[in-house]
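Chemist: After the structure tokens below, expect a handful of questions from me.
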Amino acid sequence: MTRPDSSWFELTSPEMAQALSTREQRKALEILMLKSATATEVATTLGWALDATVYRIKKLLLAGLIEVVQEEKRKGRAIKHYRATSGAYRIRLSVLPFADQVEVFRTLDDPLRSLALQGLARSTSGTHMGQWFMRFYVAEGRVLMDLAPTEQDWQFSEMTGANYPAVMLNWLPMHLSAEEAKALQRELMALLMRYQSKGDPQQFNHLLGILLAPATPG
Numbered sequence: 008m009t010r011p012d013s014s015w016f017e018l019t020s021p022e023m024a025q026a027l028s029t030r031e032q033r034k035a036l037e038i039l040m041l042k043s044a045t046a047t048e049v050a051t052t053l054g055w056a057l058d059a060t061v062y063r064i065k066k067l068l069l070a071g072l073i074e075v076v077q078e079e080k081r082k083g084r085a086i087k088h089y090r091a092t093s094g095a096y097r098i099r100l101s102v103l104p105f106a107d108q109v110e111v112f113r114t115l116d117d118p119l120r121s122l123a124l125q126g127l128a129r130s131t132s133g134t135h136m137g138q139w140f141m142r143f144y145v146a147e148g149r150v151l152m153d154l155a156p157t158e159q160d161w162q163f164s165e166m167t168g169a170n171y172p173a174v175m176l177n178w179l180p181m182h183l184s185a186e187e188a189k190a191l192q193r194e195l196m197a198l199l200m201r202y203q204s205k206g207d208p209q210q211f212n213h214l215l216g217i218l219l220a221p222a223t224p225g
């Protein structure tokens, strides 16, 4: 895991954590963690309206995540330059509301998931998978959408055949005890580490995403 360039500043209250609860707030803070900037400069960089930028900067300022490092005197309002108070922030997940915790996981997952989905789409070109059907239909009183190579029932295990590229896209609903789920986690991690050790991880040509989580309805 990459280490930060500076020591951690921990956000311990829900009010402080809320300042980082949206993607927009984090984008603004990201700029100010790397350099000092005015509200106008932040707005220009991110393509935001100035009023919306000032609002977000005020929230960061009130939470103590940024500070005014310079003021340019002029007629009317002074021009303020802002800078982050730290180069490394951390928040315990227990401080965040449930919806914000979901957003944290989504933010961490989105970039590589998007890259993997692009790879899936490219893998249909010139392969048997390009002849698959996207199906949209009513079954047992529900409208469903899926992918299938034929009109007949089939199993994802057929993807291991020589006619298919080395890709996977499927969710498996499972009924596991706590002990079985832990054993599965350990087996998956061992398999992952076995293949991750091959070559330079910065020079990858495949992506493997693994998500194991309880599926108790909220």
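If you count by the working numbering, then the sequence shown holds residues 8 to 225, one letter each, in order. Beta carbons: idealized from backbone N, C-alpha and C, even for Gly. These numbers were taken from a predicted model, which means no experiment stands behind them.
Pairs of beta-carbons, one from the region 84 to 104 and one from the region 21 to 31, closer than 8 Å: are there three or more?
Modeler: Touching, yes.
Chemist: Return the chain-ordered list of same chain residues with a C-beta closer than 8 Å to the C-beta of Phe143, the five sequence neighbours on each side being excluded.
Modeler: Residue numbering aside, residue 143 sits at position 136 when the sequence shown is read from its first letter. Excluding residues within five positions, the ones whose Cβ falls inside 8 Å are Val150, Leu151, Met152.
Chemist: Rounded to whole angstroms, what is the Cα-Cα separation between Ala169 and Met136?
Modeler: The count along the sequence shown starts at 1 and reaches residue 169 at position 162. The count along the sequence shown starts at 1 and reaches residue 136 at position 129. Distance between the alpha carbons of Ala169 and Met136: 11 Å.
Chemist: Quick one: what's got a C-beta closer than 8 Å to Gln192's C-beta in the same chain, skipping five residues either side?
Modeler: Here the question's residue 192 lines up with position 185 in the sequence shown. These residues qualify, in order along the chain: Leu219.
Chemist: Helix, strand or coil: which one does DSSP assign to Leu103?
Modeler: Taking the first residue of the sequence shown as position 1, residue 103 is located at position 96. In the structure shown, Leu103 sits in coil (DSSP, three-state: anything other than H, G, I, E or B).
Chemist: For the alpha helix (DSSP H) that contains Lys65, what are its first and last residues?
Modeler: Here residue 65 is taken as the residue at index 58 of the sequence shown, counted from 1. Lys65 -> alpha helix (DSSP H) spans 57 to 69.
Chemist: Could you check the C-alpha separation between Ala128 and Leu122 for me, to the nearest Å?
Modeler: In the sequence shown, the residue the question calls residue 128 occupies position 121. In the sequence shown, the residue the question calls residue 122 occupies position 115. Those two C-alpha atoms are separated by around 10 Å.
Chemist: Touching or not, the region 34 to 42 and the region 104 to 119, by the rule of three or more beta carbon pairs under 8 Å?
Modeler: Result no; under three Cβ-Cβ pairs closer than 8 Å.
Chemist: Would you grab the beta carbon distance between Glu74 and Ala85 for me? Rounded to a whole angstrom, and I think it's under 8 Å.
Modeler: Taking the first residue of the sequence shown as position 1, residue 74 is located at position 67. Taking the first residue of the sequence shown as position 1, residue 85 is located at position 78. About 15 Å separates the two Cβ atoms, so there is no contact after all.
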